[in-house]
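Visitor:
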Amino acid sequence: MKLTPQVKRILDNYETDNASTKINLARVLMHGKLAGTGKLIILPVDQGMEHGPARSFAANPAAYDPHYHYKMAIDAGLNAYAAPLGALECGAISYGDQIPTILKLNNANSLNDVKNQAITGSVKEAVRLGCAGIGYTIYPGSDYCYEQIDILQELTREAKESGLIVVVWSYPRGGPFLDKAGETAVDICAYAAHIAAQLGAHIIKVKPPTSHLCLPAAKKVYEEQKIDVSTLAKRAEHIMQSAFAGRRLVLFSGGEQTSEASLFETFQGLKDGGASGAIIGRNTFQRKREDALAMLDKIIDIFKG
Amino acid sequence: MKLTPQVKRILDNYETDNASTKINLARVLMHGKLAGTGKLIILPVDQGMEHGPARSFAANPAAYDPHYHYKMAIDAGLNAYAAPLGALECGAISYGDQIPTILKLNNANSLNDVKNQAITGSVKEAVRLGCAGIGYTIYPGSDYCYEQIDILQELTREAKESGLIVVVWSYPRGGPFLDKAGETAVDICAYAAHIAAQLGAHIIKVKPPTSHLCLPAAKKVYEEQKIDVSTLAKRAEHIMQSAFAGRRLVLFSGGEQTSEASLFETFQGLKDGGASGAIIGRNTFQRKREDALAMLDKIIDIFKG
Amino acid sequence: MKLTPQVKRILDNYETDNASTKINLARVLMHGKLAGTGKLIILPVDQGMEHGPARSFAANPAAYDPHYHYKMAIDAGLNAYAAPLGALECGAISYGDQIPTILKLNNANSLNDVKNQAITGSVKEAVRLGCAGIGYTIYPGSDYCYEQIDILQELTREAKESGLIVVVWSYPRGGPFLDKAGETAVDICAYAAHIAAQLGAHIIKVKPPTSHLCLPAAKKVYEEQKIDVSTLAKRAEHIMQSAFAGRRLVLFSGGEQTSEASLFETFQGLKDGGASGAIIGRNTFQRKREDALAMLDKIIDIFKG
Amino acid sequence: MKLTPQVKRILDNYETDNASTKINLARVLMHGKLAGTGKLIILPVDQGMEHGPARSFAANPAAYDPHYHYKMAIDAGLNAYAAPLGALECGAISYGDQIPTILKLNNANSLNDVKNQAITGSVKEAVRLGCAGIGYTIYPGSDYCYEQIDILQELTREAKESGLIVVVWSYPRGGPFLDKAGETAVDICAYAAHIAAQLGAHIIKVKPPTSHLCLPAAKKVYEEQKIDVSTLAKRAEHIMQSAFAGRRLVLFSGGEQTSEASLFETFQGLKDGGASGAIIGRNTFQRKREDALAMLDKIIDIFKG
Amino acid sequence: MKLTPQVKRILDNYETDNASTKINLARVLMHGKLAGTGKLIILPVDQGMEHGPARSFAANPAAYDPHYHYKMAIDAGLNAYAAPLGALECGAISYGDQIPTILKLNNANSLNDVKNQAITGSVKEAVRLGCAGIGYTIYPGSDYCYEQIDILQELTREAKESGLIVVVWSYPRGGPFLDKAGETAVDICAYAAHIAAQLGAHIIKVKPPTSHLCLPAAKKVYEEQKIDVSTLAKRAEHIMQSAFAGRRLVLFSGGEQTSEASLFETFQGLKDGGASGAIIGRNTFQRKREDALAMLDKIIDIFKG
């Protein structure tokens, strides 16, 4: 498929990557219903690992099967599917030619409350499974943050040498300054996006920011400089700006929504602010397949629009 | 021996493994009295290391000799024999051609109460001893869990590169949420099986689940979704579902039984729920050889039936 | 460009470095408006990582874009530009031939208060991005100091083998003896410069020292030996002396200034004491481009003069 | 020298070792006055490191010289001499062809009371010094035990690849369950021997067991199963049984003795129970050379008898 | 230069070293005014790192320049010069052919009070700088002691493979048993020398011992065995004995002296007891060059005499 101007413009922002990594980024951007638009939606399924299988899949038991998610990502026309090692091993031959995949290299589980994640995969495994990239979560603020970054630094170097893209979930958490509200405060989400950009991420995942301002030193600047954080669109714009003035792709989750309507409203706001797209997991596989496909179609339309 | 349709179907679920690993999995599935049925029973003997030699073998002193266990696994027609380094070094030449073996790579001992295990072997040793696979225990919930998974991740990659299968003992233990009852709660066992599956295990070992529900957030879902955990068969079915909708082999121990009758009943229940088989150690070597062989024959019949 | 006598004299002080490292040091010293003078000014931009994007760039939003800083360093005629991985990846092709760059290999963030930094880059990345050198921060005094030095030792060896120069930010902090005033005490700054020199740094960055004396054992010696620390020039002279009697290049930041006038006065004092130059970040990009260029021109004139 | 049937039988128990390791084991078993008997006595001298030089050698100052111990082991007709790096470096050329040596790879010192040992040598050094094997101490029970085993696991693999034998000093110590009396309790010594066997040791060193039973869960079994621990011979028999039913060589120290008579009685008891031999250090070099030679001759006679 | 009988006798004590290491040891022993005597004096300058530059050099400002120390060691006719990385990098080309050098691989600083040292150099750097050997400090007794030894063990192996000699500063410090007086107690210094010898050091550095006895268990032996520690000569003799009966070279510092006279008396006492020589830093560079040269000449005469 011929690269569109939008995709070419994005690839230009990754000027130091080797051809192989750029091709993998292009594979993701030129796949599915958003192909060529410069926008993208990724389906992540590490929920079973993080919250347990029943809490993740009992509402829609077909989703216990890893093949279900491959098919969902393919049939919905999403750009990529991200999952831990075991799940990708189950379907990489059956579906690997139909959807780009991201191997998630670290994962938490909720049998403990340590603010860290275990290493569950490697760049070599991502290459073995034909993935387009690796995924990795950091918890800026957490006592494990520097250690997590040390490891990410090595994985990032190895991934880029291997021609893979790097997707970083940047989720501030823990430490002396962040409470629950702080985790989605706009200053914190912007900071999280910037950290991931500086660490060399190709694609950054953050949560949709609230208008809350968490760090006192930051709050002062936001107020002095009159940074407009009154609407979600404005906040998304600020996040994109914080990711190297829009030179990096930033995806948002849908947040905790009470209705489909509010979910669509959230993504519309993010889109209006220039968001690169969405990562949407739980909202997809915890409803019936037809409902999920319909919902994803609407979100695709929002980002196309 | 020609692969049966049941075994072919199982191998298909391991679609990303290389030929050598699939051959080793087939070796296990095509060995012994359950050969070709798709069911399997493994004899594990790391009890001496975990509880001390007298507590393990004094009831049947012949069992002090590692050769005894090789012969037991062979004569009973089991699928494989699993043990730590020293024990396999004692018999790998004498019996290695008569039974597939699993080298257990980590082990605890009861001279301390640290909720961790020491590394007692390596993939290279497993290759040197002609093993079909490696075994490894994780304690989800424990403070050492992420560290254990970090190490397992490396061993798993190396094992698969070396053509070996990976057997994971997934035993939730420790941490802020689990008490003794929680360790065998059905939500916890299902979660443990799912974690092992995501970590890339070929064969998963869990304990037979009780109907207890441990984590409040899980309990809520089990009740809302009306997940039937009233019988052992139903619980086994739920565990199998949690292991990638039955795409992974899951073995169960017999639990703490008061009589042979209740042991058989347990395995019958598990079998009815679709369990892939059993791992049965202590119950085997702590009775007389004839009694053990008779007992194993009955269990084999249950899984054949 | 032909090396000047001043630059030749400096290179002679690095007698054990290989040709490639000397060429990179010469590249820096022969670049920009101070080319050939033996003085140098580096623009460092890791502020976004350390304090967050809004606190760093909101006062001058053009600075959210990493290209802005490349252009600033080039247009102002500075000797080099230093930044973390992500920022250099954004512009290394566009501007890499127009300004020598330093890849900063570790960075802190202010979402936690751990007195350490995360590893955010590697010597291999610096080579990949065509950098002239690596940068690394140590916190002498901190509980992490020895660990930081252990890592620096390895990075330094690898950098020198790869023909790169090593720039060390030596910022005393933490531990049982240093309070806030101690961090810029003249005995501490001199000690910090000496430590960096002993660790093999080619260029050392310290803060401008106050006349405060922090360690009692040092204070006694300063008083007995009548070391003159009454003026900034005298203090700078003492710092240079502490860096192998001036055999190592030592750069100073501008400190926390209330006005441009006091900033210029600071640099004049440092220059008078023999300082090798300046590292000036925040003061550059937190004002309008024209103002920054004018300010940098004045500082260049100070060091030329 | 032609292998005797006794030695052949022992070598058969090490069926998975490569030729080079078996040759080294044979070298030890076919050396000295016990050559060919299947019994062996090793002289270990790491006492100076563990208790300090004066406490070790002042009673017999000739023993300050490492050559003294080489000569003692040779002249007494012992099977091997074990010592740390420095001591073997002093005499490996002078005496290396006259006695097999074991390089002790870890050592404690009594300037601290940490229940661990430092790594003081490596398999590569053992090869360089022409040793027949490596020695390593573990403290089952100690908080460092799993870490010690992790390291032993790697050293064991490397030693076996290099054709060396592995001698493990298994000294239970520390942790929540062991008091001083527990360290030599028969259940604990048997457990210690079993752990070392499972870790792949060729030769195991334990202390002579008392009739004390330490762990409540073990005590119950010893009493129920009526394991006879009334005499030292019976206890030695039980230890040998715990080391893979006698498939592994187990050596005993003489314990803390008040007289030569009681020392001989101890070894006679151990011999009667089937012990493979003795490791005897302090009792050797803390008396005059003639006395030591006479004493060792008696012990050799005991094990020959 | 032809080796003297004294030097040949010393080299014979290092029988297992390879030719390259023996040549480097001979280089040191055959250099300077003590060449061929079998005695040696080393100038160590890591004082700036350990106590700060002003405390080290302000009394004699010429000493801020690393070249000063090279010239001092050369002009005084010492056997070798030891310093950290940065200092040797400053002069290895200018003076490397005129004096053997020792690269000090670890160093403390006094901005913290952690009883450990940071790794500041490597064997590879020592080879790159043409050094004759490496230097390394251990703090027996300290909580970091075993970790320090683990690292020394690796460095020692690598150094010997690279043909370098190993100089160990063995400074007991910290832990539950040592107070300030204990650090120089004769039983502790003897123990420290023995530990370094067992770790494979070619040259050992200890402090001059007092007649204090620190460890109760040692005190008892010293008294029972009537070990004469009444004079410094007797104590030095005991230290040499503790270093493998004089098979290892042991150097002493001058201790904390109040006058030149007492310094000379100290070295005379040590010499009389058989000390191999001196390591003398602070006393050298903290006085005027002429005075230092005169003082060193006297010390050389003492060891020659």
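Chains as they are written, first to last, in the working numbering: chain A, 16 to 320; chain B, 16 to 320; chain C, 16 to 320; chain D, 16 to 320; chain E, 16 to 320. For glycine and all other residues, C-beta sits at the position ideal for the given N, C-alpha and C.
Check the DSSP bridge columns for A200 (chain A) and list the partner residues they point to.
Guide: Position 185 of the first sequence holds residue 200 (chain A). Looking at the DSSP assignment, A200 (chain A) forms a beta bridge with A:T225.
Visitor: Does the contact criterion of 3 or more C-beta pairs under 8 Å hold for the stretch 88 to 95 of chain C versus the stretch 221 to 237 of chain A?
Guide: no
Visitor: Can you grab the Cα-Cα spacing for the pair S185 (chain E) / R188 (chain B), in whole Å?
Guide: Within the fifth sequence, numbered from 1, the residue matching residue 185 (chain E) stands at position 170. Within the second sequence, numbered from 1, the residue matching residue 188 (chain B) stands at position 173. Distance between S185 (chain E) and R188 (chain B), taken at the CA atoms: about 45 Å.
Visitor: Pull up the CB-CB distance for T36 (chain D) and K175 (chain D), whole angstroms please, since I reckon it's below 8 Å.
Guide: Counting from one through the fourth sequence, the residue named residue 36 (chain D) turns up at place 21. Counting from one through the fourth sequence, the residue named residue 175 (chain D) turns up at place 160. Right, the Cβ-Cβ distance comes to about 6 Å (below 8 Å), so this counts as a contact.
Visitor: Using a cut-off of 9 Å between C-beta atoms, extract the partners of E140 (chain D) located in chain E.
Guide: The residue labelled residue 140 (chain D) in the question sits at position 125 within the fourth sequence. By Cβ distance, chain E contributes Q168, T171, R172, K175 and G215.
Visitor: Return no unless some Cβ of chain D is closer than 8 Å to the Cβ of E198 (chain E).
Guide: Locating residue 198 (chain E) in the fifth sequence gives position 183, counting from the first residue. So no, E198 (chain E) is outside the interface.
Visitor: Is the Cβ of L193 (chain A) closer than 8 Å to any Cβ of chain C?
Guide: What you label residue 193 (chain A) is simply residue 178 of the first sequence in a count that begins at 1. It does; some Cβ of chain C falls within 8 Å.
Visitor: Using a threshold of 8 Å, state whether the C-beta atoms of T116 (chain D) and C146 (chain D) are closer than that.
Guide: Position 101 of the fourth sequence holds residue 116 (chain D). Position 131 of the fourth sequence holds residue 146 (chain D). Against a cut-off of 8 Å, the Cβ pair of C146 (chain D) and T116 (chain D) comes out as a contact.
Visitor: Report yes if the CB atom of L285 (chain A) is closer than 8 Å to the CB atom of L311 (chain A), and no otherwise.
Guide: Position 270 of the first sequence, counted from the start, is the residue given in the question as residue 285 (chain A). Position 296 of the first sequence, counted from the start, is the residue given in the question as residue 311 (chain A). No, these two residues do not count as a Cβ contact at 8 Å.
Visitor: The stretch 221 to 233 of chain A: which residues have C-beta closer than 8 Å to a C-beta of chain C, in chain order?
Guide: Of all residues in the stretch 221 to 233 of chain A, L230, A232 and A233 have a Cβ within less than 8 Å of some Cβ in chain C.
Visitor: What does C160 (chain E) touch in chain D if you count any residue whose Cβ is under 9 Å from its own?
Guide: Taking the fifth sequence and counting its residues from 1, the one referred to as residue 160 (chain E) is at position 145. In chain order: N124, L126, N127, V129 and A133.
Visitor: Pick out whichever of A:K23, A:M64 and A:K319 has its Cα sitting closest to the Cα of F331 (chain B).
Guide: The structure shown does not extend to residue 331 (chain B), since chain B is modelled only from 16 through 320, so no value can be given for it.
Visitor: Could you pull out every residue in the same chain whose Cβ sits closer than 6 Å to the Cβ of K322 (chain B), ignoring the five residues on either side in sequence?
Guide: Here chain B covers residues 16 to 320 and nothing more, so residue 322 (chain B) does not appear.
Visitor: Let me make sure I understand the geometry here. Which of D:Y237, D:D158, D:R143 and D:E169 has the alpha-carbon closest to that of A200 (chain D)?
Guide: In the fourth sequence, residue 200 (chain D) corresponds to position 185, counting from 1. The residue with the shortest Cα to Cα distance from A200 (chain D) is D:Y237.
Visitor: Thinking A307 (chain C) and L266 (chain C) are a contact (beta carbons under 8 Å), I'd like their distance in whole angstroms, please.
Guide: In the third sequence, residue 307 (chain C) corresponds to position 292, counting from 1. In the third sequence, residue 266 (chain C) corresponds to position 251, counting from 1. In this structure A307 (chain C) is not in contact with L266 (chain C), their Cβ atoms being roughly 18 Å apart against a cut-off of 8 Å.
Visitor: Looking at C-alpha atoms only, which residue of B:T299, B:V138 and B:I114 is the closest neighbour of G364 (chain B)?
Guide: Outside the shown range of chain B (16 to 320) lies residue 364 (chain B), about which nothing can therefore be said.
Visitor: Should R172 (chain B) and E140 (chain A) be called a contact, given that it needs their Cβ atoms to be closer than 8 Å?
Guide: Taking the second sequence and counting its residues from 1, one reaches residue 172 (chain B) at position 157. Taking the first sequence and counting its residues from 1, one reaches residue 140 (chain A) at position 125. The answer is yes: Cβ separation under 8 Å.
Visitor: Just checking: is the beta-carbon of Y151 (chain D) within a distance shorter than 8 Å of some beta-carbon in chain B?
Guide: Start at 1 with the first residue of the fourth sequence, and residue 151 (chain D) comes out as number 136. No, Y151 (chain D) does not count as interfacial toward chain B.
Visitor: So which residues of chain B does I108 (chain A) contact, with C-beta pairs closer than 8 Å?
Guide: As a position in the first sequence, residue 108 (chain A) is number 93, starting the count at 1. For I108 (chain A), the residues of chain B that pass the 8 Å Cβ criterion are E30 and T31, in the order they occur in the chain.
Visitor: Assuming N127 (chain B) contacts T135 (chain B) under a Cβ cut-off of 8 Å, what Cβ separation, rounded to an integer in Å, is found between them?
Guide: The residue you call residue 127 (chain B) lines up with position 112 of the second sequence. The residue you call residue 135 (chain B) lines up with position 120 of the second sequence. At roughly 15 Å, the Cβ-Cβ gap does not stay under 8 Å, so N127 (chain B) and T135 (chain B) are not in contact.
Visitor: Please report how far the alpha carbon of Q240 (chain A) lies from the alpha carbon of F282 (chain C), in whole angstroms.
Guide: Position 225 of the first sequence, counted from the start, is the residue given in the question as residue 240 (chain A). Position 267 of the third sequence, counted from the start, is the residue given in the question as residue 282 (chain C). Q240 (chain A) and F282 (chain C): Cα-Cα distance of roughly 29 Å.
Visitor: Quick one: grab the DSSP three-state call for T171 (chain D).
Guide: Here residue 171 (chain D) is taken as the residue at index 156 of the fourth sequence, counted from 1. Looking at T171 (chain D) - three-state DSSP - the assignment turns out to be helix.
Visitor: Could you check if Q21 (chain A) is buried or exposed, using at least 16 other CB atoms within 10 Å of its CB as the buried criterion?
Guide: Residue 21 (chain A) sits at position 6 when you count from the first residue of the first sequence. Looking at its Cβ environment, which holds fewer than 16 other Cβ atoms inside 10 Å, Q21 (chain A) is exposed.
Visitor: Is the stretch 206 to 223 of chain D touching the stretch 98 to 113 of chain B, taking contact as three or more C-beta pairs under 8 Å?
Guide: yes
Visitor: In whole angstroms, give me the CA-to-CA distance for K48 (chain E) and E271 (chain E).
Guide: What you label residue 48 (chain E) is simply residue 33 of the fifth sequence in a count that begins at 1. What you label residue 271 (chain E) is simply residue 256 of the fifth sequence in a count that begins at 1. Cα-Cα distance, rounded: 25 Å.
Visitor: Taking P59 (chain D) as part of the beta strand (DSSP E), name the residues at either end of that continuous run.
Guide: Reading the fourth sequence from its first residue, position 44 is the one you call residue 59 (chain D). Taken as a continuous stretch (DSSP letters only), the beta strand (DSSP E) holding P59 (chain D) covers L55 to P59.
Visitor: Cα-Cα, which of D:V221, D:Q132 and D:L167 is closest to V181 (chain D)?
Guide: As a working note, residue 181 (chain D) is residue 166 in the fourth sequence. Closest by alpha carbon: D:L167.
Visitor: I'd like the span of the alpha helix (DSSP H) that includes G63 (chain B), first residue to last.
Guide: On the second sequence, residue 63 (chain B) is found 48 positions in, with the first residue counted as 1. That run of the alpha helix (DSSP H) goes Q62 to H66.
Visitor: Can you name the start and end residues of the alpha helix (DSSP H) that L103 (chain C) belongs to?
Guide: In the third sequence, the residue the question calls residue 103 (chain C) occupies position 88. Unbroken alpha helix (DSSP H) run through L103 (chain C): L100 to Y110.
Visitor: Could you work out which residue in D:V183, D:Q163, D:L26 and D:S268 is closest to G148 (chain D) when comparing CA atoms only?
Guide: Within the fourth sequence, numbered from 1, the residue matching residue 148 (chain D) stands at position 133. Minimum Cα distance to G148 (chain D) is reached at D:V183.
Visitor: When you compare the CB of A34 (chain A) with every CB in chain C, is at least one pair closer than 8 Å?
Guide: Within the first sequence, residue 34 (chain A) is the residue found at index 19, counting from 1. It does not; no Cβ of chain C falls within 8 Å.
Visitor: With a threshold of 8 Å between beta carbons, is Y186 (chain A) in contact with chain C?
Guide: If you number the first sequence from 1, residue 186 (chain A) lands on position 171. It does not: the Cβ of Y186 (chain A) has no partner Cβ on chain C nearer than 8 Å.
Visitor: Is there at least one Cβ from chain C nearer than 8 Å to L58 (chain E)'s Cβ?
Guide: The residue labelled residue 58 (chain E) in the question sits at position 43 within the fifth sequence. Closer than 8 Å: no.
Visitor: Using a Cβ-Cβ cut-off of 8 Å, state whether L247 (chain E) counts as contacting chain C.
Guide: Against the fifth sequence, residue 247 (chain E) aligns to sequence position 232. Not an interface residue.
Visitor: Could you work out which residues of chain B lie near R70 (chain A), taking near to mean beta carbons separated by less than 7 Å?
Guide: By 1-based counting over the first sequence, the position of residue 70 (chain A) is 55. Correct list: A232, A233 and V236.
Visitor: Compare the C-beta of F259 (chain C) with all C-beta atoms of chain E and state if any pair is closer than 8 Å.
Guide: Walking along the third sequence from the start, residue 259 (chain C) turns up at place 244. Closer than 8 Å to some Cβ of chain E, the Cβ of F259 (chain C) qualifies, so yes.
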